[in-house]
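Same order as they appear, the protein sequences are chains A and B.
The first sequence begins at 128 in the working numbering and counts up by one.
The second sequence begins at 69 in the working numbering and counts up by one.
Beta carbons: idealized from backbone N, C-alpha and C, even for Gly.
As structure tokens, the structure follows; a few thoughts come after it.
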Amino acid sequence: MVAATMKRTPLHAIHARLGAKLVPFGGYEMPVSYAAGITAEHRAVREAVGVFDVSHMGEFEVTGPDRNAFVQRITCNDVGALRPGQAQYTALLTERGTFLDDCVVYRFDDRVMIVVNAANIAKDWEHVVAHKRGANVRLKNVSDETGLLAVQGPGAEALIAPLTSLGVAMIPYYQFAPGKVAEVECFLSRTGYTGEDGFELYCRGADLERLWDALVGPGRGAPCGLGARDTLRLEAGYPLYGSDIDDTVTPFEAGLGWIVKLEKGADFVGLAALKRQRLEGVERRLVGFRVREPKSVARPGYGVYLDGRQVDVVRSGTVTPTVNSAIGMTYVPRSLAHTGASFEIDVRGKRVAAEVVKLPFVPHRTRR
Amino acid sequence: MARIPDDLLYSEEHEYVRRSDAENVVVVGITDYAQGELGDVVYVDLPKVGTAYGRMDVFGTIEAVKAVSELFAPISGAVIEVNTALDKDPALVNRDPYGEGWMIKLRIKNPGEFDQLLGSEEYEKHIGA
């Protein structure tokens, strides 16, 4: 039963009309799948194009003269390396160097936007505000009025191109441009969470329905829910906050060392702890695994064992449509973090064998 | 809207029982409502022919993308046939739960247990349809 306090996106009525199964997620009532089901929605994204309402994501706007220096201080990647029109995958860290959240930063001419996970909006906002100190910036939490659609799959560009005068083919991976799509003012970013080519379209919440109607329907994009988003991102080896990464895990442990710029010349939150860990090395690493036992599925929370000793739990795990076997992610001791290493998973009382496989499970086809 | 055929009997755990032409043989599967709640089925783990179960014993597991669920024998009996087609195409459970997506055939011991199952109207009430 969905509690009455759940927030809804502006497309709630449309989701209900499309037969969506709605579940609580990050404080929102969100579609986990539509009538077609997770498998069909997943395939639509791998083979054609799917559209996700991800308006539950949070957006913070940073304006003012110190905006870039401020974002440098609160994120671990190097926002100074961005030109206006570029985006960057990065993270907000704790003083211990662990994830407060992972996020995407957009650099505009006159502002910076930080896009965070729905479940973390409140704590992230508190963190960002607490670190403002003397910085000459204005912070605005625009989460509630911002709509976001992810248009993902090899057909994404062809779907959007006729709806806009923007040269979408000219937008490279992790870059964005403002413009109108289907007469709706938005900005269009070549980013996503599926491992496929695609775009994320940010607009005013009030315009979301118009944008959705232009993008979704027979011969256009398939409506896709959070269930397919999860199987797609798992196959792509992208971590999910709250499952694969959280405030007990550092980027180095999660295999995200590439988003940590120790030498960027700014003293960012978590820097000292990560410098120490860089010297000492990590004790565990996030790995992808495949279950070797037929018909056994390793699900989140199942114990992970090495020589009879529990070392972690399954962080993400299910049978995904493209790989079509039981896969997942977990943390293993560094000595075991190599392809082919084996360990055991407790599947409801039965110890089954699993082996470390290379990430991603399905090669990325994002535009480089 | 989940289909609830009125010629079947149902368990509260969402299995159905279909009486067959053969005396004391029933076909067991999960309901349309159950497959809809589970979502896309990826594996169905079924028992070996000959295994005997008491009423409400676990006879197998069903794995969907988002969830796993145990399968309960709605009635006591011994397995005389399993639907091996589900090995190759577990999604039959989603597409045709009352037909090609059946799971096991049981030779039942005690026809009196039929009385403990729900009729279609009772099952409809049970799922709040």
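| Asked | Found |
| --- | --- |
| Less than 8 Å separating the beta-carbons of residue 367(A) and residue 169(A)? | no |
| Once DSSP output is grouped into helix, strand and coil, what is the label at residue 255(A)? | helix |
| Measuring only between beta-carbons, confirm whether residue 81(B) sits less than 8 Å from chain A. | no |
| Which residues does DSSP list as the beta-bridge partners of residue 359(A)? | Partner(s): none; residue 359(A) has no beta bridge. |
| Go ahead and pull the three-state DSSP assignment for residue 162(B). | helix |
| Quick check: residue 483(A) and residue 464(A), are their CB atoms within less than 8 Å of each other? | yes |
| Measuring CA to CA, which of 188(B), 154(B), 116(B) is closest to residue 110(B)? | 154(B) |
| State the start and end residues of the unbroken alpha helix (DSSP H) segment that holds residue 167(A). | 165 to 174 |
| Mind pulling the chain B residues with CB within less than 8 Å of residue 166(A)? | 108, 133, 159 |
| Tell me the DSSP secondary structure of residue 184(B) in three-state form. | helix |
| Can you give me the C-alpha to C-alpha distance between residue 337(A) and residue 310(A), rounded to a whole angstrom? | 9 Å |
| Just reading off the alpha helix (DSSP H) that residue 103(B) is part of, what are its end residues? | 100 to 106 |
| Could you say which of 74(B), 97(B), 69(B), 70(B) lies nearest to residue 173(B) if we only look at CA atoms? | 97(B) |
| Would you identify the three-state DSSP class for residue 216(A), choosing helix, strand or coil? | strand |
| How would you label residue 148(B), buried or exposed, when you count the other beta carbons within 10 angstroms and need 16 or more for buried? | exposed |
| From this set, 105(B), 118(B), 78(B), 116(B), which residue's C-alpha is nearest residue 499(A)'s C-alpha? | As displayed, chain A neither begins before 128 nor continues past 495, which places residue 499(A) out of reach and without an answer. |
| In whole angstroms, give me the CA-to-CA distance for residue 371(A) and residue 188(B). | 44 Å |
| Does the separation of the CB atoms of residue 218(A) and residue 228(A) fall below 8 Å? | yes |
| So, with DSSP's three-state summary, where would you put residue 228(A)? | strand |
| Does any CB atom of chain C fall closer than 8 Å to the CB of residue 354(A)? | Among the chains of the structure shown, chain C does not appear; the protein chains present are A and B. |
| Hey, residue 195(A) and residue 239(A) are a contact pair by Cβ (cut 8 Å); roughly how many whole angstroms apart? | 7 Å |
| Could you round the C-beta distance between residue 469(A) and residue 480(A) to whole angstroms and report it? I think they count as a contact, below 8 Å. | 6 Å |
| Report back the beta-carbon spacing between residue 492(A) and residue 323(A) to the nearest angstrom; my notes put them in contact at under 8 Å. | 5 Å |
| Using the beta-carbon count (16 or more within 10 Å), is residue 134(B) buried or exposed? | buried |
| At the level of alpha carbons, what is the spacing between residue 187(A) and residue 186(B)? | 54 Å |
| According to DSSP, simplified to helix, strand and coil, what is residue 145(A)? | coil |
| Assess contact between the stretch 378 to 395 of chain A and the stretch 408 to 427 of chain A, defined as three or more Cβ pairs (one per stretch) separated by less than 8 Å. Is contact present? | yes |
| Beta-carbon separation of residue 192(B) and residue 142(B) under 8 Å? | no |
| Could you compute how far the alpha carbon of residue 114(B) sits from the alpha carbon of residue 171(A)? | 31 Å |
| Compare the C-beta of residue 477(A) against all C-beta atoms of chain B and say whether one is closer than 8 Å. | no |
| Quick test of your reading: residue 397(A) and residue 224(A), contact by CB under 8 Å. State the CB separation rounded to the nearest angstrom. | 4 Å |
| Under 8 Å between C-beta atoms, does residue 113(B) make it to chain A? | yes |
| For residue 333(A) and residue 81(B), I'd like the C-alpha separation in whole angstroms. | 43 Å |
| Is the Cβ of residue 128(A) closer than 8 Å to any Cβ of chain B? | With a pLDDT of only 48 at residue 128(A), under 50, the local geometry of the prediction cannot be trusted, and the value read off the model is given with reservation. Cβ-Cβ to chain B under 8 Å: no for residue 128(A). |
| If we ignore side chains and look at the alpha-carbon of each, how far apart do residue 394(A) and residue 363(A) end up? | 32 Å |
| Name the two residues that bound the continuous alpha helix (DSSP H) containing residue 404(A). | 398 to 407 |
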